[in-house]
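Anchor point for the sequence shown: position 117 equals 117 in full-length UniProt numbering, and the numbering is continuous, going up by one each time.
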Amino acid sequence: MNSYETVNNILVRLFKDILDIEERALITSEYKDISVNDMHIMEAIGIQESKNMSTVAKTMSVTVGTLTIAINHLVKKGYVERTRSEEDRRVVLVSLSEKGEKAYLHHKIFHEKMVMAVLDSLNPQETRDLTKALLKLQRFFDDYGKE
């Protein structure tokens, strides 16, 4: 198998495996009512301060209308809270509820385990090389999305 075929097979399998494993890690008895996509929305909201819908939509690369539908479901399930900005009542702010923060931290732990499983097995030079290669891959996806 040549380098192209090897890299292609690895990338295709990695993307599939990460999504499958992430879903299995996320969907516990406590969080069976949310999807990986729901979790990524909560990740975009974060646990810091409330964010406006436009900011979250931009982070997710979706329209505010599409995000609104997802947020409605997350509000009904008790993961997200919606408020109006004090400065401008037209602006809708979203933040994670206590339940949403617990789910966020549960998901964050999965990501930390995944990253550390890779980094713990690499020496410093391999870590730099992997980081450099992944940054190039990220740039490709960033640029590809703009075409």
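All C-beta atoms, glycine included, are put in the ideal place defined by N, C-alpha and C.
Give a yes or no on whether the minimum CB-CB distance between F110 and chain B is below 8 Å.
-> Protein chains in the displayed structure number just one, and chain B is not present.
Measuring CA to CA, which of K16, V94, E87 is closest to T68?
-> V94
With burial defined as no fewer than 16 other Cβ atoms inside 10 Å of the residue's Cβ, what is the status of V115: buried or exposed?
-> Under this definition V115 is an exposed residue.
I think M53 touches Y104, with their Cβ atoms under 8 Å apart; what is that distance to the nearest whole Å?
-> In fact, because the Cβ distance is near 18 Å, the residues do not count as touching under 8 Å.
Out of curiosity, what's the CA-to-CA distance linking I21 and H107?
-> 12 Å
Burial state of L74, where buried means 16 or more other Cβ atoms lie within 10 Å | buried
CB contact flag (L130, L137, <8 Å) | no
Through-space distance from K58 to N8, alpha-carbon basis = 29 Å
From this set, I71, D33, V36, K32, which residue's C-alpha is nearest K51's C-alpha?
-> I71
How is L122 classed by DSSP in three states: helix, strand or coil?
-> coil
Closest by C-alpha distance to T66, when choosing among D38, D17, E126 = If you compare the alpha carbons of D38, D17, E126 with that of T66, the shortest gap goes to D38.
What residue does the beta strand (DSSP E) around T83 start on, and which one ends it?
-> 80-84
Going by beta carbon distance, what residues of the same chain come within less than 7 Å of E101, once the five residues before and after it are set aside?
-> If we look at E101 and ignore the five residues flanking it on each side, its Cβ neighbours are I47.
From I30 to A44, what does the alpha carbon distance come to, in whole angstroms?
-> The sequence given here has Glu at residue 30, not Ile. If you draw a straight line from the Cα of E30 to the Cα of A44, it is about 21 Å long.
Secondary structure, beta strand (DSSP E): runs of 3+ residues fully inside the UniProt domain "HTH marR-type" (4-139) | 80-84, 92-96
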